[in-house]
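Below: the structure, in structure tokens.
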Amino acid sequence: MAEKILMKGNEAIAHGAIRCGADGYFGYPITPQSEVMETLMEEKPWETTGMVVLQAESETSSINMVYGGATTGKKVMTSSSSLGISLMAEGLSYLAGAELPCVVVNVMRGGPGLGTIQPGQADYFQAVKGGGHGDYKMIVLAPASAQDMYDFVGLGFDLAFKYRIPAMILSDGVIGQMMEKVELGEMKPRRTAEEIREQCPWALTGKTSDRNRNIITSLALDPNVQERTNIRLQEKYKAIQENEVRYTTYMVEDAEYLFVAYGSMSRICEAAVDQAREAGYKVGLLRPVTLFPYPEKQICDLVPQLKGILTVEMSAGQMVEDVRLAVNGKVPVEFFGRNGGIVPSPDEVYEAFVKLFNK
Amino acid sequence: MDVNDIIRPENMVYAKTPILTDTVMHYCPGCPHGTVHKVIAEVIEEMGIQDKTIGISPVGCAVLAYNYIDIDWEQAAHGRAPALATATKRLNPDKYVFTYQGDGDLASIGTAEVMHACNRGENIVVIFINNAIYGMTGGQMAPTTLLGQKTATTPYGRDAKLNGYPLKITELIAQLEGTCYVTRQSAHNPAAVRKLKKAVRKAFENSMMDKGTSFVEVVSTCNSGWKLSPVQANKWMEENMFPFYQLGDLKDR
Amino acid sequence: MAVKGAIVVDTDKCKGCGVCAANCPTQTIALSKQVNGKGYNFAYMENPDNCTGCTNCATVCPDAVITVYRVKI
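These protein sequences, in sequence, are chains A, B and C.
So the first sequence is numbered by our numbering: it starts at 50 and just counts up by one.
So the second sequence is numbered by our numbering: it starts at 147 and just counts up by one.
So the third sequence is numbered by our numbering: it starts at 27 and just counts up by one.
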């Protein structure tokens with residue numbers, strides 16, 4: 050019988066890290082995600098699995114520690130919130146440019162600037178469109194429960210290593226702070242030095258006589274080399290788009306209207322779907338689990354049965370642009386959101402639906 | 147005795163270490179980066195640690211150091227090398243991990259990273275090349291530029307009122323409990339290079355003894371940036387840099 | 027015991043910085059009037075008889091282009 054424990058989403062991240070065989074966590078305290086590092090420090094995984102946990106002097110340092118750890122083929126991660134992630138933008142671009150796998154958790158709060166410590170979803174563009182410089186992408190996973198928080202650490206590492214790409218868990222203060230039962234998976238041992246050598250021939254494991262030296266860099270002084278690298282990166286992103294889309298649906302079979310929402314908003318919308326159904330409206334929900342790759346085809350496939358789409362976010366409207374791109378004008382796409390740290394209620398979503406579609 | 151009788155393999159007393167690659171270095175003629183690379187490579191060869199050493203190159207002229215020393219390398223964002231080194235070493239305690247950083251990288255944009263890595267006593271080696279100027283971007287003022295020294299951004303000489311004072315960061319580093327060995331060396335003549343090599347070797351050895359951070363500053367020239375010939379630059383360094391950045395050990399425990 | 031030395035300069039890679047010549051205690055080395063493929067006046071033994079094989083030149087050479095030989099005579 051699998052263990053089920055009541056815990057915060059942030060604590061689930063910490064347990065997910067230890068149990069999926071992570072090698073290192075480097076972080077800096079910031080609300081609303083400080084429980085991640087606090088839990089790790091309390092668990093002392095260095096005494097059990099050998100996982101390294103270190104409080105850095107800044108988010109700038111923690112993301113660069115992630116870079117330094119990732120170069121050696123280790124499973125390393127950090128977590129932060131919104132403005133901390135902004136500080137990491139340079140490091141994330143370097144990680145993407147150097148094609149290093151890692152997991153970065155963003156437990157979003159309301160912005161811009163110092164903003165609020167209440168939850169938000171206004172970092173969608175930053176996460177999905179590339180918050181740093183250059184043509185790059187990260188895999189972006191959007192958890193909607195504490196269980197997802199736990200599961201997505203391991204999933205994030207799997208995808209990150211499969212494609213040599215940073216994976217971001219784009220969560221928010223609601224998911225980070227709420228307590229839910231989490232089923233803990235089996236303890237996966239950390240990879241041995243031999244396994245890393247075998248699985249990550251690119252990693253800095255020490256230059257031996259049987260191979261050339263490994264160099265992890267994102268520098269190309271020759272623009273031809275840089276363009277080739279960029280083309281290769283785009284091909285990789287295309288493969289990810291084709292193979293790694295994840296999403297869930299709720300009551301879409303006969304739906305004439307579709308809510309599209311991710312993370313905590315998908316749960317609010319699920320309740321709003323129930324409300325709409327009770328009132329006799331055929332409404333369904335599509336929740337993108339991966340924000341990159343985005344389930345654009347899956348949304349587009351539903352278009353023939355739809356009269357309208359309502360995108361709901363805790364922002365001024367960011368993901369709605371991708372929904373509009375996906376349906377390309379074939380069906381009206383409306384937006385409803387609260388932001389600045391306000392979490393909309395199912396009632397508000399339902400009322401917005403009724404109003405926007407003249408019900 | 148004919149020269150050709152001397153030039154025989156059995157008579158060879160000095161040759162380029164195979165740890166240095168055959169790639170021609172991109173550095174300007176006379177640039178001490180090459181000398182310091184060579185010293186590090188020779189130490190790696192003598193200690194037999196090629197397969198156990200990971201170098202971290204900075205942003206600056208030495209960004210391409212990975213083309214010249216035949217070990218595994220990571221290239222850091224500007225100033226962040228000590229953060230990379232921290233994680234690399236903590237996750238791979240069996241490796242010798244060193245950063246190679248210039249004065250702009252280490253003492254300006256990367257001040258926080260180097261101070262905190264040293265303060266935590268990371269078991270790493272920091273090689274700090276101080277030539278009092280930003281070489282790669284074309285000779286602008288560095289944190290270590292001397293008062294009165296002309297650079298591209300201090301065309302009338304560094305003025306304390308306008309630009310602040312030259313930063314003796316090595317003295318600050320020596321104050322930190324986490325450091326075990328802090329030394330200031332140079333590489334401008336044979337005696338200096340030999341002393342530097344001893345310092346680098348000690349620093350590498352320290353990093354396996356759980357003693358804390360070893361920090362080796364190399365007071366250097368940038369003859370292109372200083373607009374002097376390599377030999378004149380060495381003289382200018384002796385006359386102007388050494389009185390302010392005095393050579394010797396600041397800490398050894 | 028007397029020693030005699032000689033150096034071999036990798037003239038293709040020498041950048042003619044002159045640091046070796048400035049540090050040669052026996053004035054063995056000078057910069058050539060000729061230039062290499064990169065246009066540098068490379069170092070060479072102007073006074074080969076003076077060389078003691080002390081390795082000072084190779085020690086300070088930033089480009090590691092000098093190999094030193096020494097015999098006891």
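Ideal placement from N, C-alpha and C gives every residue a C-beta, glycine not left out.
- Within the segment 188 to 207 of chain B, those residues whose Cβ lies closer than 7 Å to any Cβ of chain A are, in chain order, Gln-196, Asp-197, Lys-198 and Ile-200.
- Val-154/A is positioned such that its CB atom lies closer than 8 Å to that of Ile-62/A.
- Here DSSP, grouped into helix, strand and coil, assigns Cys-264/B to helix.
- Contacts with chain A at 8 Å (Cβ-Cβ) include Ala-229/B.
- Counting along the chain, Lys-397/B sits inside the beta strand (DSSP E) bounded by residues 394 to 398.
- A Cβ of chain C is located within less than 8 Å of the beta carbon of Lys-184/B.
- Taking a Cβ-Cβ threshold of 7 Å, the residues of chain A close to Lys-241/B are Gly-255, in chain order.
- Exclusion of the five residues before and after Gly-42/C leaves Leu-57, Tyr-66, Asn-67 and Phe-68 as the residues of its chain whose Cβ lies within less than 6 Å of its Cβ.
- In the pairwise beta carbon analysis, the segment 347 to 358 of chain A is classified as touching the segment 306 to 315 of chain A: at least three pairs are separated by under 8 Å.
- Closest by C-alpha distance to Pro-228/B, out of Leu-292/B, Ile-202/B and Gly-206/B, is Ile-202/B.
- For Gln-286/B, the secondary structure class from DSSP, reduced to helix, strand or coil, is strand.
- Per DSSP, the continuous beta strand (DSSP E) segment holding Leu-334/A begins and ends at 332 to 337.
- The residue from Gly-310/B, Thr-367/B, Asn-352/B and Ile-255/B with its alpha-carbon nearest to that of Cys-174/B is Thr-367/B.
- Neighbours of Lys-41/C across chain B, judged by C-beta separation under 7 Å: Pro-175.
- Pairwise C-beta distances place the segment 213 to 220 of chain B in contact with the segment 163 to 181 of chain B, as three or more of them are shorter than 8 Å.
- When DSSP states are grouped into helix, strand and coil, Asp-221/A belongs to the strand group.
- In the structure shown, Gly-181/A adopts coil according to DSSP, grouped into three states.
- Gly-73/A is bridged by DSSP to Val-101/A and Val-125/A.
- Residue contact check for Ile-270/B against chain A: no CB pair falls below 8 Å.
- Linking Ser-142/A to Gly-179/A through their CA atoms gives a straight-line distance of about 8 Å.
- Contact between the segment 369 to 387 of chain B and the segment 366 to 386 of chain A is absent: fewer than 3 CB-CB pairs across the two stretches fall below 8 Å.
- Runs of the alpha helix (DSSP H) spanning 4 or more residues and lying entirely within the segment 357 to 389 of chain A occur at 368 to 376, in chain order.
- Listed by position along chain A, the residues whose Cβ is nearer than 9 Å to that of Asp-218/B are Thr-120, Thr-121, Ala-252, Leu-253, Thr-254, Gly-255, Lys-256, Arg-262, Asn-263, Ile-264 and Ile-265.
- Shortest Cα-Cα distance from Ile-92/C to any of Pro-74/C, Tyr-70/C, Thr-78/C and Ile-99/C involves Tyr-70/C.
- When only Cα atoms are considered, Leu-237/B and Asp-305/B end up about 44 Å apart.
- Val-361/A and Gly-386/A have their alpha carbons spaced roughly 5 Å apart.
- In the DSSP assignment, Arg-277/A falls within the unbroken alpha helix (DSSP H) covering 272 to 292.
- For Asp-218/B, DSSP records a beta bridge to Ile-200/B.
- Under the Cβ distance rule, His-262/B counts among the residues neighbouring chain A, one pair being separated by less than 8 Å.
- By the Cβ criterion, the segment 66 to 82 of chain A is in contact with the segment 196 to 208 of chain A, since at least three pairs of Cβ atoms, one from each stretch, lie closer than 8 Å.
- Restricted to the segment 222 to 261 of chain B, the beta strand (DSSP E) segments that are unbroken, complete and at least 3 residues in length are 242 to 248, listed in chain order.
- Counting along the chain, the unbroken beta strand (DSSP E) around Ile-275/B starts and ends at 271 to 276.
- Separation of Gly-65/A and Arg-226/B (C-alpha to C-alpha, rounded to the nearest whole angstrom) is 28 Å.
- Rounded to whole angstroms, Asn-292/A and Tyr-311/A show a C-alpha spacing of 20 Å.
- The straight-line gap separating the alpha-carbon atoms of Gly-333/A and Met-137/A is approximately 37 Å.
- Inclusion of Ile-214/A and Asp-172/A in the CB contact set at 8 Å is not warranted, their separation being larger than that value.
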